[in-house]
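When you line the sequence shown up against this note's numbering, it's residues 891 to 1080, in that order.
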Amino acid sequence: MCTIRKARLPEDKPVILDFIVALQRFESNLEPNHLIDHAMAEEYFAYLLESTERGAIFMADETAPDGSVKTIGWAVVHEQVSEAFIRADERCYAYLAELYISEEGRGSGSGQKLIRACENWAMENGYATMRIDLLTRNEGAFRAYQKAGYIPYCQEVKKRLLPMRDETDEELSMVPLKPVRAKRLPLSAA
């Protein structure tokens, strides 16, 4: 049986870091520019913690018949702010930043439960919409989001202009991640 709960930190941090690395490993098969290491996971985790000052982290726990509990997935939702040309009542929206289910948890319905937990958080906090980004080639994730009622909204395209550098290149370094900070506008603002 799968249950959803809010993350307990710092206890959940090791499994969260493992989930971040596992998702990067999976997505690197779809898009080779993804870093796969614990230093990146630590930095991204710190970014997510700061982002979730206006958000939440949820964990999916699976209880085995013998009563043992294993964490099989997680999701992160936080506030994001759109461009000024978006209607004021939808400018601030809930953003599903992370959703990952371990291999043994896939197909259990835990992903849908995590999505619902994030949606409930969003509605409780007054957000009219929730958005999710995903790699175009991640067809499994796209099907899961469609099953939850999500429809395509915006498409981003890219073209590589320079050859990809080896990640051991000394000039290659991660740019520190900073969450977007913006004040929520009153719904009456145009």
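Beta carbons: idealized from backbone N, C-alpha and C, even for Gly.
Just so we're clear, the structure is a prediction, and the values are computed from it rather than from any experiment.
Original post:
Start and end of the alpha helix (DSSP H) containing lysine 1049?
Top reply: Reading the sequence shown from its first residue, position 159 is the one you call residue 1049. Taken as a continuous stretch (DSSP letters only), lysine 1049 belongs to no alpha helix (DSSP H), as it is neither H nor E.
Subject >> Cβ separation of alanine 987 and valine 967, assumed to be a contact under 8 Å, to the nearest whole Å >> reply: Counted from its first residue, the sequence shown places residue 987 at position 97. Counted from its first residue, the sequence shown places residue 967 at position 77. By a beta-carbon distance limit of 8 Å, alanine 987 contacts valine 967. Their separation comes to about 7 Å.
Original post:
Roughly how many angstroms lie between the CA atoms of histidine 924 and glutamine 970, to the nearest whole one?
Top reply: Stepping through the sequence shown from its first residue, residue 924 is reached at position 34. Stepping through the sequence shown from its first residue, residue 970 is reached at position 80. Approximately 23 Å between the Cα atoms of the pair.
**OP:** With distances taken Cα to Cα, identify the nearest neighbour of alanine 1007 among Ala1038, Ile926 and Leu939.
**Re:** Looking up residue 1007 in the sequence shown gives position 117. Nearest of Ala1038, Ile926 and Leu939 to alanine 1007, Cα basis: Ala1038.
Original post:
Would a C-beta distance cut-off of 7 Å place isoleucine 926 and arginine 915 closer than the cut-off?
Top reply: Working through the sequence shown from its first residue, we reach residue 926 at position 36. Working through the sequence shown from its first residue, we reach residue 915 at position 25. Taking 7 Å as the cut-off, the beta carbon of isoleucine 926 is found closer than this to the beta carbon of arginine 915.
Original post:
Which residues bound the beta strand (DSSP E) around methionine 930?
Top reply: The residue you call residue 930 lines up with position 40 of the sequence shown. Here methionine 930 belongs to no beta strand (DSSP E); instead the alpha helix (DSSP H) covers 928 to 941.
Original post:
For the putative contact between tyrosine 983 and methionine 1013, defined by C-beta atoms under 8 Å, what is the C-beta separation to the nearest angstrom?
Top reply: The residue given as residue 983 occupies position 93 in the sequence shown. The residue given as residue 1013 occupies position 123 in the sequence shown. Contact doesn't hold; Cβ gap of about 12 Å is too wide.
Original post:
Skipping 5 residues on each side, what residues in its chain have a beta carbon closer than 8 Å to that of glutamate 921?
Top reply: Counted from its first residue, the sequence shown places residue 921 at position 31. For glutamate 921, where only same-chain residues beyond five positions count, the Cβ hits under 8 Å are Leu1025 and Arg1027.
Subject >> Simplified DSSP state of serine 918, which is helix, strand or coil >> reply: Walking along the sequence shown from the start, residue 918 turns up at place 28. Serine 918 falls in the helix class under three-state DSSP.
**OP:** Taking glycine 997 and glycine 963 to be in contact with their CB atoms under 8 Å, please state how far apart those CB atoms are, rounded to whole angstroms.
**Re:** Locating residue 997 in the sequence shown gives position 107, counting from the first residue. Locating residue 963 in the sequence shown gives position 73, counting from the first residue. Contact doesn't hold; Cβ gap of about 12 Å is too wide.
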